[in-house]
Structures are given as structure tokens and as C-alpha cells.
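Take a look at the structure set out below.
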Amino acid sequence: MPVRSLPDATLAAIGKEVSQQAIELVAHRPEPWAQPTDCFRNVARKIAESGGSAQCGYTFHHRFAQKIEGLPLYIYLTHHAVWVSPEGDRVDVTPYPDPRHAPLDHSKKIKFLPDDTADPIVVRGQPIPLPLRFFAVDDNPELKAYVAELNRKEQEACRNLASQA
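For the sequence shown, this note's numbering gives the first residue as 25, with consecutive numbering after it.
As C-alpha cells, then:
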């Protein structure tokens, strides 16, 4: 799915609504044993094998609002974890075999928004990601309403899941 070019300033403005930390480019080197959509356990295993630590934050993704005329673009942020090597290098060890679910990247590096306050929720001993965060890229009122509804539904689903803790 091709994406129109998004200015760094647009992503930075979205990032500031979520975290006070700056967007970084993080190397994407998936481990052969790592599982898609399981970043928290992937990073925990990498730490057990190689030392280092985890950095939680968010990856940037995009979609087109298929039901809105003109297919306007929106951005969403996915709660994510990357491995921090003992030397301090940040590496995304999680694979993205389906390109539709891959984060926005820049020449083999992903755009990652660190957030030291973004620890996952633990439900029955399993890490559960924080809610997705959706953002309209332009001022289309229909898109803004659509994105607001996506955020409402996501928050509700995550509250229901967290209540099972």
C-alpha cells in the first residue's frame, strides 16, 4: 500500500501528542525465532540471550479511510518494544512478514517514538499493549470523526481487556 510522503514535522507533531521524547530511527533486524505481533516477549527473550534492556514506545503506521471519498490518509501509533543492546543501540527484533502491518520506515530503519511511561498492561501474566492511537493527517471533518470513533472503540476494547487483570 503506497503512502504519500509525510513530512517529518507532521509525524513529530503527532508524536508530541503521545510522548515528550523525540522520534528515532531504529535498526530493524528481526531475530529468526521472533514472532510477529509479539514484541514484548521477543524483546524479553533477546534480553535473556544477549543482555541489554527494553525500550517501550510506539511505531508509526498508516491507512487510507476506505469508506471516505478521496481515501484520506490517517496515521496510527502502535504500542511497541525494541531491544536496547548492552552498548545502547536500539534494535527492533520483531518481524513484519505482512507489509500491511509494517511500521513506517526509512531505509531499513523504523520510525520509533520512545516513551518511558508506556509500559504494557499485564493480564494473567501476559503483556498486553496499550491502545492504538489514531490521528487524522488533514482537516477533513469526516476523517476526524472517523478517527475519533476508532480511538473510542480502541479505548473501550482495551479497558475491557484490562478489567480482566
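Where a beta carbon is used, it is the ideal one built from N, C-alpha and C, also for glycine. Computed from a prediction, not measured in an experiment: that's the story for all the values here.
- Sequence-distant partners of C182 (beyond 5 residues in either direction) whose C-beta falls short of 6 Å from its own C-beta, in its chain, are P155.
- Judged by DSSP in its simplified three-state form, L167 adopts helix.
- Taking each of E111, G149, V161 in turn and checking the Cα distance to A33, the smallest one comes out for V161.
- Taking all protein chains shown into account, L95 has fewer than 16 neighbouring C-beta atoms within 10 Å of its C-beta and is therefore exposed.
- The bridge partners DSSP lists for V147 are Q150.
- Proximity to P151 across D129, A51, A186, I99 peaks at A186, based on C-alpha coordinates.
- Of the candidates S43, P60, G112, S43 places its Cα closest to the Cα of L101.
- With respect to V108, F136 sits apart: the two C-beta atoms are not nearer than 8 Å.
- DSSP lists E48, T83 as the bridge partner or partners of F136.
- DSSP, read as helix, strand or coil, puts I71 in helix.
- Setting aside the 5 residues that flank it on each side, K133 is surrounded in the same chain by L49, V50, A51, H52, each with a C-beta closer than 8 Å to its C-beta; the list follows chain order.
- Taking C-beta separations shorter than 6 Å and ignoring five residues to either side along the sequence, the partners of E55 in its chain run V117, following chain order.
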